[in-house]
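Let me begin by presenting the structure, written as structure tokens, before commenting on it.
Residue numbers (this note's numbering): 86 to 743.
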């Protein structure tokens, strides 16, 4: 180590020594200050110990092991001491933080608390102080405090001590009781039932306005409280139809002290009251009783009316020709009337308790089950079933069923009304057989008509040919009478041919043969004007645009051709007019065909629509044309009628369903 390093080390050592001396001087100074402070604290502690010793001597024996919260406060309500129960309850520890009890009191109780403290300071004790306080966690509790003053040896008050009891549950219960009492009192006051509560010594504890109204008492319920009811029965018996019976019944009820419900009382004014008696016992000891009165006049009268109506209608049901059955949801018969027994052949005893579908051997059991499910959904309906009566004979019944409900509105079964339609069913079967036979007969007749028409037309054509040959060969040799007879023969043959054609057309008109398609009636009329012979002095006019119908085109041609041809043929005026028009209605079209011809006498207005019927002695008419018209209109669910005046003309009206 060289000299330079030694010098540096010596200088460092000197600096350390100097710093140490300075630190020692500071430490000595601080030690003196600490000593002075310690001495002063000892003196202060001595004084405090003397004060504490003085107070402790006064409070000795006060602070003991108490389960309830225990608190000692000075005269300014600052806490001096607390036991662990108080610390736990209040949430505050006075050894760690200052606590003034007056700050814990809820604002609603501060005035009351000030008065209580004044009483404590002046009297020396305070019993059953109750208030609402705040705990440290912010919650509130109801407490009851019993406290007393603490005095020094000279009887000067120096503090107060108290035991705190948590009564929150009790106060809330009392509040609930008061609220319940208020609600009960309000409820009783507004009941539509008269209420009278009597104590064990027959004093009125509570009543309501309805009670006063029922018995015409001219004071308020509050004025009756405390009144003696010992002689009330005698005083009010004049209101009842049986006064003495009323008094005796009350005496009997009060003597037995047993629950009585729905006593019926008849009043002189015709009212009917229903009375209940309810004895009140507490721990087996009789405490009084409650009377309730209700005016049931309307209900009783309504019930009597219902019973009378029920008896009336049940009498009707029991004697009507319709069979009545009630079954439950399992199809078990609950009730039947005599008509049902007669229909089925079984007695009431045999039917009740039996399953309906089994005892009656219903063919359509699946249908019965299906309808039963619909009943559970509240649905009603009608249907037909086949059953075997007790005699073994099959019957057809029409059933109208509906769900059966209990008082709660729940479906508990079904009610069925049964009508024996066996006779009608047999008639329907016979009708269907007759219709089938008629259809077959009509088919045969139609075929026969075609054969006959062919067989008839052949000789007619031969006669026509022979008449023509006779005319051609012998016209030079025949006189006028002979020629006239040959012409008449040809006309008769022509008329016979038309008659055969008309019969064929008439027999072929039926609904099964209709081939419906859109038919423009304007086109139909125009085509008819081109086909039939219309004299030059006659005009056929379409007054209104005619509709297009969904119909059979051939039948529409036949309909309009017969009516227009009939009108044209019967015009005797120099200027003839046939007017065709239409009016639209909600569900049909109304047409008219009007002419200014000879007219039709009234006695023929119905006759002309019948087959082979014609007007007067018109030989050219076959008597079939208007019959065909009537039959076609019937097919389209229409009507035809006419208005006519002889010499002025005729108007045919007819309707066709849309």
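Think of the CB as a built atom: it goes at the ideal place given N, C-alpha and C, for glycine as much as any other residue. The structure presented is a predicted model; accordingly, all values stated were derived computationally and were not measured.
Pairwise C-alpha distance: residue 551 and residue 704: Only weak support exists for where residue 704 lies, its pLDDT of 44 falling under 50; the value from the coordinates is given anyway. Using only the alpha carbons, I get a separation of about 23 Å.
Give the DSSP-derived three-state secondary structure of residue 107 in the structure shown. helix
Specify the secondary structure class of residue 735 as computed by DSSP and reduced to three states. Here residue 735 sits in strand by DSSP.
Taking Cβ to Cβ, would you say residue 724 is nearer than 8 Å to residue 737? no
If you draw a straight line from the alpha carbon of residue 611 to that of residue 617, how long is it in whole angstroms? 11 Å
How should residue 674 be labelled, buried or exposed, when 16 other C-beta atoms within 10 angstroms of its C-beta is the threshold for buried? In this structure residue 674 is buried. Its beta-carbon is surrounded by 16 or more other beta-carbon atoms within 10 angstroms.
Helix, strand or coil at residue 690 according to DSSP, with G and I counted as helix: coil
Helix, strand or coil for residue 431 per DSSP? coil
With 16 other CB atoms within 10 Å as the buried threshold, where does residue 362 fall? buried
What separation, rounded to the nearest whole angstrom, lies between the Cα atoms of residue 506 and residue 423? 18 Å
Would you mind sorting residue 451 into buried or exposed? The rule is 16 or more other CB atoms within 10 Å of its CB. Burial call: exposed.
8 Å contact criterion, which residue 468 and residue 484 should meet: CB distance rounded: Right, the Cβ-Cβ distance comes to about 6 Å (below 8 Å), so this counts as a contact.
Pairs of beta-carbons, one from the region 507-519 and one from the region 412-429, closer than 8 Å: are there three or more? no
In its own chain, which residues sit with a C-beta less than 7 Å from the C-beta of residue 413, not counting the 5 before and 5 after it? 419, 497, 498
If you follow the alpha helix (DSSP H) that residue 195 is part of, which residue opens it and which one closes it? Following the DSSP letters along the chain, one finds residue 195 inside the alpha helix (DSSP H) bounded by residues 195-208.
Between which residues of its own chain and residue 136 is the CB-CB distance below 7 Å, once the five residues before and five after are set aside? The predicted position of residue 136 is uncertain, since its pLDDT is 47 and thus under 50; a value taken from the coordinates is nonetheless stated next. If we look at residue 136 and ignore the five residues flanking it on each side, it has no Cβ neighbours.
According to DSSP, is residue 300 helix, strand or coil? coil
Sequence-distant residues of the same chain with beta carbon closer than 6 Å to residue 721, five excluded per side: 741, 742
Could you pull out every residue in the same chain whose Cβ sits closer than 8 Å to the Cβ of residue 657, ignoring the five residues on either side in sequence? 682, 683
Reference residue 339, options 354, 409, 351, 374, closest by Cα: When only C-alpha atoms are compared, the closest one is 374.
What does residue 634 pair with, by DSSP beta-bridge criteria? 604
Quick check on residue 647: does DSSP put it in helix, strand or coil? helix
Can you check whether the CB of residue 184 is closer than 8 Å to the CB of residue 164? yes
Determine, using beta carbons only, whether residue 170 comes closer than 8 Å to chain D. The structure shown contains no chain D; it holds only a single protein chain.
Cβ neighbour criterion (16 or more within 10 Å) applied to residue 366: For residue 366, the number of other beta carbons within 10 angstroms of its own is below 16, and it is reported as exposed.
Go through the region 211-251 residue by residue and report every complete run of the beta strand (DSSP E) that reaches 3 residues or more, in order. 225-236, 242-251
Out of curiosity, what's the CA-to-CA distance linking residue 264 and residue 252? 18 Å
Residue 192 CB to nearest heavy atom of the ligand PLP below 7 Å: The ligand content of the structure shown is nil, which means the ligand PLP is not present either.
Write down the C-beta distance between residue 381 and residue 358 rounded to the nearest angstrom, noting that I regard them as a contact closer than 8 Å. Right, the Cβ-Cβ distance comes to about 7 Å (below 8 Å), so this counts as a contact.
Does the distance from the C-beta atom of residue 560 to that of residue 548 stay below 8 Å? no
Check this for me: beta carbons of residue 328 and residue 337, under 8 Å apart or not? no
Tell me which same chain residues have a C-beta within less than 7 Å of the C-beta of residue 491, skipping the five on either side of it? 497
Pull up the DSSP beta-bridge partners for residue 669, would you. 674
Just to confirm, is the Cβ distance from residue 663 to residue 678 under 8 Å? yes
Measuring straight from C-alpha to C-alpha, what distance separates residue 439 and residue 368? It is roughly 54 Å from the alpha-carbon of residue 439 to the alpha-carbon of residue 368.
May I ask which residues mark the beginning and end of the beta strand (DSSP E) holding residue 166? Counting along the chain, the beta strand (DSSP E) containing residue 166 begins and ends at 164-167.
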